[in-house]
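J.: Dumping the structure here so I can ask a few things about it.
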Amino acid sequence: GENVEQHPSTLSVQEGDSAVIKCTYSDSASNYFPWYKQELGKGPQLIIDIRSNVGEKKDQRIAVTLNKTAKHFSLHITETQPEDSAVYFCAASLYTGNQFYFGTGTSLTVIP
Amino acid sequence: KAGVTQTPRYLIKTRGQQVTLSCSPISGHRSVSWYQQTPGQGLQFLFEYFSETQRNKGNFPGRFSGRQFSNSRSEMNVSTLELGDSALYLCASSLKENSPLHFGNGTRLTVT
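Going down the list, the protein sequences come from chains B and E. The working numbering puts the first residue of the first sequence at 1, with every later residue one more than the last. The working numbering puts the first residue of the second sequence at 1001, with every later residue one more than the last.
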């Protein structure tokens, strides 16, 4: 089955700096890659996603890039704010079925 | 639109007992998935239901089962509880295959 690896496991940045989280996947048939943010006591919330026919997608301060050849995708958060502090998960899904494979999470801390 | 609702939020059970968790998906969503979240293993896929049929099942023992009702509400059951079943159980609904998962806030199960 699919295997998703995520790095780093923890990340601390100063407010206003950028944060980058990277994920790799193993199954070239995976074609949908969402990113989730999980705050304490809550379920994961979708923040951005990308499909395999697109190389980059942006939504205000958040962007995701996908390199299908290398089988990796990254989350970029610019101008970080304290409210960005949370655990972030990447995920991959194959076209058939609705089963998602998640990375192990990155705990992001934004220092004011 | 109301989000995914999971009940109860917290459960404490004893080894050997069984437990039933409930999930109400977003209105109109016919796919319901269940995930187990633990600090060591991250988010692990349990199973997915669509129109009352189980379409996918993860690598969990038969003690873990689920069902979906005609109104798309879903329940999962764990029988003969073990200490290792202590986890956050997350339910997610989606409109169709390969589309964003919308998570509830989970049920925190503690087995003593």
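No residue lacks a Cβ here, since even glycine has one placed at the ideal position from N, Cα and C.
If you pair each beta-carbon of the stretch 21-33 of chain B with each one of the stretch 1047-1067 of chain E, do three or more pairs fall below 8 Å?
T.: They do not touch, by the three-pair rule.
J.: Cβ of Pro-82(B) less than 8 Å from any chain E Cβ?
T.: Taking the first residue of the first sequence as position 1, residue 82(B) is located at position 82. No, because no Cβ of chain E sits closer than 8 Å to the Cβ of Pro-82(B).
J.: Considering only DSSP beta bridges, list what Pro-44(B) is partnered with.
T.: For the purposes of this step, residue 44(B) is identified with residue 44 of the first sequence, where counting begins at 1. According to DSSP, which records beta bridges pairwise, Pro-44(B) is partnered with nothing at all.
J.: My output table needs one value for Glu-114(B): the three-state DSSP class, helix, strand or coil.
T.: Since the first residue of chain B shown is 1 and the last is 112, residue 114(B) is not available in this structure.
J.: Count the C-beta pairs between the stretch 1080-1090 of chain E and the stretch 97-105 of chain B that are closer than 8 Å, then say yes if the count reaches three, no if not.
T.: At 8 Å Cβ cutoff, the stretches do not touch.
J.: Between Phe-1103(E) and chain B, is any beta-carbon pair separated by less than 8 Å?
T.: Against the second sequence, residue 1103(E) aligns to sequence position 103. Yes, Phe-1103(E) counts as interfacial toward chain B.
J.: Consider the Cβ of Ser-1086(E): report whether some Cβ of chain B lies at a distance smaller than 8 Å.
T.: In the second sequence, residue 1086(E) corresponds to position 86, counting from 1. No, Ser-1086(E) does not count as interfacial toward chain B.
J.: Buried or exposed: which applies to Glu-39(B), given that a residue is buried once 16 or more other Cβ atoms fall within 10 Å of its Cβ?
T.: Here the question's residue 39(B) lines up with position 39 in the first sequence. The residue is exposed, with fewer than 16 neighbouring Cβ atoms inside 10 Å.
J.: Using a Cβ cut-off of 8 Å, pull out every chain E residue sitting near Ser-9(B), in sequence order please.
T.: Position 9 of the first sequence, counted from the first residue, corresponds to residue 9(B). None at all; the shortest Cβ gap to chain E is about 11 Å.
J.: What span of residues does the beta strand (DSSP E) with His-72(B) cover, start to end?
T.: Within the first sequence, the letter at position 72 stands for residue 72(B). Residues 72-77.
J.: Can you find the residues in the same chain that come closer than 7 Å, C-beta to C-beta, to Ala-19(B), ignoring five residues on each side of it along the sequence?
T.: For this step, residue 19(B) is matched to residue 19 along the first sequence. Here the set comprises Leu-11, Val-13, Ile-77, Thr-80 and Leu-108.
J.: Could you check if Pro-112(B) is buried or exposed, using at least 16 other CB atoms within 10 Å of its CB as the buried criterion?
T.: Position 112 of the first sequence, counting from 1, holds the residue named residue 112(B). Per the 10 Å Cβ criterion, exposed.
J.: Please return the same chain residues whose Cβ sits closer than 7 Å to the Cβ of Phe-1050(E), not counting the five positions on each side in sequence.
T.: Position 50 of the second sequence, counted from the start, is the residue given in the question as residue 1050(E). The answer, listed in chain order, is Arg-1030 and Ser-1031.
J.: If I measure Cβ to Cβ from Ala-92(B) and keep anything under 6 Å in the same chain, skipping five residues before and after, which residues do I get?
T.: Mapped onto the first sequence, residue 92(B) falls at position 92. The residues are Glu-2, Val-4, Tyr-25, Ser-30, Phe-33 and Tyr-101.
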